[in-house]
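Residue numbers (the working numbering), protein chains in the order written: chain D, 1 to 394; chain L, 1001 to 1291.
Note that beta-carbon positions come from the ideal geometry of N, C-alpha and C, so glycine has one too.
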Ligand SMILES: Nc1ncnc2c1ncn2[C@@H]1O[C@H](COP(=O)(O)OP(=O)(O)O)[C@@H](O)[C@H]1O
Ligand SMILES: [Mg+2]
């Protein structure tokens, strides 16, 4: 079925560098869709081909059933929020917003009403007369949004629109963007390298790496069921395990043999057979940790470990524990009033456990992807598949 | 209100350039203005006392025609230079660094040859027996009895040739600082290439264009070598008259009068530019304007 916006086998090469590599992608009408990937993975290039500023080497781009691959930028029903906003420095806020309607030679009355409506939407009425250099970064951002939205585009393209803002402002603009999307009902194609932004705003996310789409799905899908080690490591933090299938327990579960680690039960959604190579990702928050040994059924993996590092973060605590050759990252919410408890301390012997369903088998694994996980200071890697716990954000 | 530390600081900082301007520009200009009202003596100097004799001479009916020609030739040379140099500056600014340096070098290469030699080279080029003339006649573009030399058009061509680099360089300097993403933004918002160029690029390099305007228009007004060499009796400019008053008539007050007139003709465009730069564009329309 054809989607509202569709990239079909689109590639773009710069010299010998393949910036976008056979990307096929469908975006639904009205959706908030994010392209998420590390810097240099080709997000901007993909967006520029949609905007009309680059012509793809191969492939076609369809918008609402029309092939727009070769149309010039001014003939496309898309508008872009550029990475640096690209406000016209010689025009006031008012005239910047009016630009699109003025070049379209719309009646003055209509231009006036529409600009005033946009100024109200972005709450900038009292700054209408100022020049871009007289307003703050967040305000520039809002003007850029209004200037694009006034043309009533079919798709609004946003290229890392929050990257230049400080953390506080970024969080506020995040909420505003969400509100604006709800109000105008236009399809948003949002580019970012920040998984937090993508997760919190998007209906669906395409995770990009080296010019290719690694995975496409809802935020929960890409987080809970990452297909590759890249996706697992890029979106959130995780613990990787590498091993072989030792035993088929039943249709759903297998026993996995991991070097330097007790064998673990895991959910076999990939229909693995005995001796197949398995890469398992277990998120830090899927673990439970306690000094007392819990009573659990056979679907749980229960392992004794030793605490090496603790970072208390108020709402939750991060632990790094050692199990034989592995250092595991564990994140634990505090359900109870912590001061009443006997908290776990450094060098304590503890029990850790997770449910077999909470680990996820990866389709593809690459050791390089471990570097994406933020590593704690004294990380020791001996076993190929070394989990790398996250560093705490203070 | 007492002057703050800041204004005191500003005064201290601006004083040297103010003194420099007064001593080397304002005072000589005022001296020239004043000399207009002195009598000439027999030996090319100034006589005692004051007189309005020179102003009577300036009422000579030949002068208005010469002044008018000076202004339109200068204006035309300026306009043509700007029209040629804006696309050139755009192209140079967008070229790859290697090509850009080569083009800039080509722009300033003529300065390495003496100005007079280049003007005489044009005289040879445009000469009735010259290569250009014969080529154009052979191609049937002009009649054999057309003269390429000794007319206002020849003066205009050579003026454009001479002053073009002075237009390209400041406009290029502005274009080089221009953020070309703004053109993409304009096209993204529905502007055609031409509209984006007109509504975003031209305002973006406005200061460069104004500088180029002054750099071409002011020297053009004062040119006298070019009309002297490639112009004829019907293409004299006010500069020629000033030179004649000084070297032939040895009448300094008369030359000063013409000079003062020229200075005023230069100051008026300066004032216009100043006003244009001061005026804040970009006021959104009021409700009454719309309705
Ligand atoms: N015009 C260009 N010329 C040459 N290389 C380019 C050009 N645009 C982008 N690239 C390269 O293509 C790759 C992808 O770039 P880009 O799409 O900007 O990535 P992202 O936006 O994901 O950071 C990068 O390696 C970048 O250096
Ligand atoms: Mg980018």
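8 Å CB neighbourhood of residue 92 of chain D in its chain, flanking five on each side removed: One-based indexing of the first chain puts residue 92 of chain D at position 92. If we look at residue 92 of chain D and ignore the five residues flanking it on each side, its Cβ neighbours are 128, 129, 130 and 131.
Closest residue to residue 976 of chain L among L:1182, L:1041, L:1016 and L:1214 (Cα-Cα distance): Nothing about residue 976 of chain L can be reported from this structure: the residues present for chain L run from 1001 to 1291 only.
Proximity test, residue 158 of chain D beta-carbon vs ligand 1 heavy atom, cut-off 7 Å: Your numbering for residue 158 of chain D matches position 158 in the first chain. No, Cβ of residue 158 of chain D sits at least 7 Å from all heavy atoms of ligand 1.
8 Å Cβ cutoff met for residue 187 of chain D and residue 3 of chain D: Your numbering for residue 187 of chain D matches position 187 in the first chain. Your numbering for residue 3 of chain D matches position 3 in the first chain. The answer is no: Cβ separation not under 8 Å.
Three or more C-beta pairs below 8 Å linking the region 225 to 233 of chain D and the region 360 to 371 of chain D: Yes: the two stretches touch, three or more of their Cβ pairs being nearer than 8 Å.
Within chain D, partners of residue 1185 of chain L - CB distance below 7 Å: Here residue 1185 of chain L refers to the residue found at position 185 when the second chain is read from its first residue. The contacting residues are 82 and 86.
Any non-hydrogen atom of ligand 1 closer than 7 Å to residue 43 of chain D Cβ: If you number the first chain from 1, residue 43 of chain D lands on position 43. Correct: residue 43 of chain D has its Cβ closer than 7 Å to ligand 1.
Cβ shell of residue 1236 of chain L (< 7 Å), same chain only, five flanking positions each side left out: For the purposes of this step, residue 1236 of chain L is taken as residue 236 along the second chain, with counting starting at 1. Cβ neighbours of residue 1236 of chain L beyond the five flanking positions: 1066 and 1227.
First and last residue of the uninterrupted beta strand (DSSP E) at residue 192 of chain D: Locating residue 192 of chain D in the first chain gives position 192, where the first residue counts as 1. In the DSSP annotation of this structure, the continuous segment of the beta strand (DSSP E) that includes residue 192 of chain D starts and ends at 187 to 192.
Where residue 232 of chain D meets chain L, residues with beta-carbon distance less than 9 Å: The sequence position of residue 232 of chain D within the first chain is 232, counting from 1. By Cβ distance, chain L contributes nothing, its closest Cβ being about 35 Å from residue 232 of chain D, past 9 Å.
3 or more residues per run - each beta strand (DSSP E) lying fully within the region 267 to 299 of chain D: 277 to 282 and 288 to 290
Neighbourhood of residue 324 of chain D by C-beta, 7 Å cutoff - its chain only, sequence neighbours within 5 removed: To locate residue 324 of chain D, count along the first chain from 1; it is residue 324. For residue 324 of chain D, where only same-chain residues beyond five positions count, the Cβ hits under 7 Å are 260 and 261.
Within chain D, partners of residue 1191 of chain L - CB distance below 7 Å: The count along the second chain starts at 1 and reaches residue 1191 of chain L at position 191. By Cβ distance, chain D contributes 74 and 103.
Given 8 Å, three or more beta-carbon pairs between the region 131 to 142 of chain D and the region 77 to 90 of chain D: yes
Assigned secondary structure, residue 3 of chain D (DSSP; H/G/I helix, E/B strand, else coil): The sequence position of residue 3 of chain D within the first chain is 3, counting from 1. Looking at residue 3 of chain D - three-state DSSP - the assignment turns out to be coil, as it is neither helix nor strand.
Touching by the beta-carbon criterion (3+ pairs, under 8 Å), the region 1168 to 1184 of chain L and the region 1092 to 1112 of chain L: The region 1168 to 1184 of chain L is in contact with the region 1092 to 1112 of chain L.
Close Cβ partners of residue 1120 of chain L (< 8 Å) along its chain, the five nearest in sequence each way excluded: Start at 1 with the first residue of the second chain, and residue 1120 of chain L comes out as number 120. Closer than 8 Å at Cβ, skipping near neighbours: 1229.
Three-way DSSP call (helix, strand, coil) for residue 108 of chain D in this model: Your numbering for residue 108 of chain D matches position 108 in the first chain. Helix at residue 108 of chain D.
Contact test: residue 332 of chain D Cβ vs ligand 2 heavy atom, cutoff 7 Å: Residue mapping note: residue 332 of chain D aligns to position 332 of the first chain, counting from 1. Incorrect: residue 332 of chain D has no Cβ contact closer than 7 Å to ligand 2.
Beta-bridge partners of residue 133 of chain D, as assigned by DSSP: Taking the first residue of the first chain as position 1, residue 133 of chain D is located at position 133. In DSSP, residue 133 of chain D forms no bridge with anything.
Unbroken alpha helix (DSSP H) run spanning residue 1118 of chain L, endpoints: Position 118 of the second chain, counted from the first residue, corresponds to residue 1118 of chain L. Segment 1115 to 1126, the alpha helix (DSSP H) holding residue 1118 of chain L.
Residues, ordered as in the chain, of the region 134 to 160 of chain D that lie near chain L by beta-carbon distance below 8 Å: Against chain L - using a Cβ distance shorter than 8 Å - the residues of the region 134 to 160 of chain D are 147, 148 and 151.
Sequence-distant residues of the same chain with beta carbon closer than 7 Å to residue 1137 of chain L, five excluded per side: Here residue 1137 of chain L corresponds to residue number 137 of the second chain, with the count starting at 1. Once the five neighbours on either side are set aside, the close Cβ partners of residue 1137 of chain L are 1144.
Distance CB(residue 191 of chain D)-CB(residue 1190 of chain L) smaller than 8 Å: Locating residue 191 of chain D in the first chain gives position 191, where the first residue counts as 1. Locating residue 1190 of chain L in the second chain gives position 190, where the first residue counts as 1. Not in contact: residue 191 of chain D and residue 1190 of chain L (Cβ atoms no closer than 8 Å).
Beta strand (DSSP E) segments (min. 3 residues) lying fully within the region 21 to 57 of chain D: 32 to 36
Residue 298 of chain D to residue 283 of chain D span [Cα, whole Å]: Residue numbering aside, residue 298 of chain D sits at position 298 when the first chain is read from its first letter. Residue numbering aside, residue 283 of chain D sits at position 283 when the first chain is read from its first letter. One C-alpha to the other measures close to 20 Å.
Inter-stretch contact at 8 Å, needing at least 3 Cβ pairs: the region 1218 to 1225 of chain L / the region 111 to 124 of chain D: no
Ligand 2 heavy atom lying under 7 Å from the CB of residue 83 of chain D: Counting from 1 along the first chain, the entry for residue 83 of chain D is found at position 83. Yes, ligand 2 has a heavy atom inside 7 Å of this Cβ.
Backbone CA spacing between residue 174 of chain D and residue 1016 of chain L [nearest angstrom]: Walking along the first chain from the start, residue 174 of chain D turns up at place 174. Walking along the second chain from the start, residue 1016 of chain L turns up at place 16. Rounded to the nearest angstrom, the two C-alpha atoms are 53 Å apart.
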